[in-house]
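Participant: For the sequence shown, our numbering gives the first residue as 170, with consecutive numbering after it.
Even for Gly, the Cβ is constructed at its ideal location relative to N, Cα and C.
Predicted, not measured: the structure shown is a model, and the values here were computed from it.
Handing you a structure now.
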Amino acid sequence: MIIDVHAHCHKPEHWGSEFDEHWKPTYGYDYPDLSPADFDAAMAAGGVDAAVVFGLTATAAGVRTPSEYVARFCREATTPTVGFMALDPTDQDIADQVEEGVSLGLQGVKLYPVLSGYSPADDAIGSFLDLLERHELAVLWHMGASPSPLSTLRNSQPLLIDDVARRHPGLRQVIAHVGHPWQRDTVQVLRGNEHVYADVSGLWARPFDGYLALVNAIEWGVTGKLLFGSDLPLWTPAAAQQGLRALAGHFGAPFPAIDEDVIEGIIERDSLSLLGLRPA
Numbered sequence: 170m171i172i173d174v175h176a177h178c179h180k181p182e183h184w185g186s187e188f189d190e191h192w193k194p195t196y197g198y199d200y201p202d203l204s205p206a207d208f209d210a211a212m213a214a215g216g217v218d219a220a221v222v223f224g225l226t227a228t229a230a231g232v233r234t235p236s237e238y239v240a241r242f243c244r245e246a247t248t249p250t251v252g253f254m255a256l257d258p259t260d261q262d263i264a265d266q267v268e269e270g271v272s273l274g275l276q277g278v279k280l281y282p283v284l285s286g287y288s289p290a291d292d293a294i295g296s297f298l299d300l301l302e303r304h305e306l307a308v309l310w311h312m313g314a315s316p317s318p319l320s321t322l323r324n325s326q327p328l329l330i331d332d333v334a335r336r337h338p339g340l341r342q343v344i345a346h347v348g349h350p351w352q353r354d355t356v357q358v359l360r361g362n363e364h365v366y367a368d369v370s371g372l373w374a375r376p377f378d379g380y381l382a383l384v385n386a387i388e389w390g391v392t393g394k395l396l397f398g399s400d401l402p403l404w405t406p407a408a409a410q411q412g413l414r415a416l417a418g419h420f421g422a423p424f425p426a427i428d429e430d431v432i433e434g435i436i437e438r439d440s441l442s443l444l445g446l447r448p449a
């Protein structure tokens with residue numbers, strides 16, 4: 170079984186002007202416009218059995234993916250999906266937005282604190298996280314790098330999730346991208362918190378950092394908490410699997426070897442069961 174826990178469905182217009190102004194100059198491409206048919210083709214080519222799907226919201230940056238759009242995308246895709254709402258807890262009507270997403274059958278929340286201007290550990294969003302915990306919604310945090318000058322990088326440090334986990338121990342959380350470039354810190358957060366996981370989306374894109382992240386996870390015994398994610402449409406599931414497998418043999422002596430079984434264990438992990446999710 171292959172589960173992709175990190176697949177985007179939002180359209181270019183959901184970015185407002187943020188992508189063209191601040192991301193395109195860094196990455197050099199337009200944001201892809203992914204249809205449900207494109208999504209299904211990519212998932213099939215990567216042998217994916219089910220995927221977690223979401224958009225992106227950061228109110229201060231003018232970025233918003235409506236929950237209704239995510240729910241409709243999931244209905245139109247033939248791949249089994251788990252839809253997540255994309256929310257910004259600084260919105261005054263955030264409780265209503267959570268209730269709307271739940272009514273649409275969405276089972277989790279994608280949060281983007283680095284671009285939204287809040288810290289995951291802020292007391293101000295504690296009641297919001299309490300609400301997610303009561304609804305048994307999973308949370309996927311974008312933690313780590315951002316090229317946007319509107320971003321506040323200190324809000325993206327994975328150690329903040331250690332604070333969240335202590336205050337909300339029942340909340341199932343995923344640190345996206347293993348919290349790059351702070352992967353070593355992410356490993357320690359995983360080690361100390363039962364319901365915190367990390368997805369490996371984009372890990373292979375910077376191979377030496379990705380290699381070091383996997384070695385740290387092996388040495389600290391947390392590879393079982395690493396979940397496969399592609400970051401579609403930036404990478405396909407097939408490309409993600411190829412990139413991960415290359416890390417097992419990319420570096421030779423005197424560097425520690427990464428066993429191929431570790432990579433296959435990540436790719437084939439039943440992430441939905443760990444996160445308490447079920448595909449539509």
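Near residue 205, what residues of its chain come up, given a Cβ to Cβ distance below 7 Å and the 5 sequence neighbours on each side ignored?
Facilitator: 242, 245 and 246
Participant: Run through the DSSP bridge pairs and tell me what residue 279 is partnered with.
Facilitator: 255 and 309
Participant: Residue 432 to residue 338, Cα distance in whole Å?
Facilitator: 28 Å
Participant: Here's the rule I'm using: 16 or more other beta-carbon atoms within 10 Å means buried, otherwise exposed. How should residue 197 be labelled?
Facilitator: exposed
Participant: Look at residue 208 and residue 200 and say whether their C-beta atoms are less than 8 Å apart.
Facilitator: No; because the gap between Cβ atoms is not below 8 Å, this pair is not in contact.
Participant: With DSSP as the reference, please indicate the residues paired to residue 342 in a beta bridge.
Facilitator: 308 and 365
Participant: When burial is assigned at 16 or more other CB atoms within 10 Å of the CB, is residue 389 buried or exposed?
Facilitator: exposed
Participant: Between the alpha carbons of residue 377 and residue 256, how many angstroms are there, rounded?
Facilitator: 33 Å
Participant: Within 10 Å of its beta-carbon, does residue 397 have 16 or more other beta-carbons around it, so buried, or fewer, so exposed?
Facilitator: That one is buried.
Participant: Would you say residue 386 and residue 395 are within 8 Å of each other, going by their C-beta atoms?
Facilitator: With contacts defined by Cβ atoms closer than 8 Å, residue 386 and residue 395 form a contacting pair.
Participant: Give me, in chain order, the residues of the same chain whose beta-carbon lies closer than 7 Å to that of residue 329; leave out the 5 immediate sequence neighbours on both sides.
Facilitator: Here the set comprises 288, 289 and 290.
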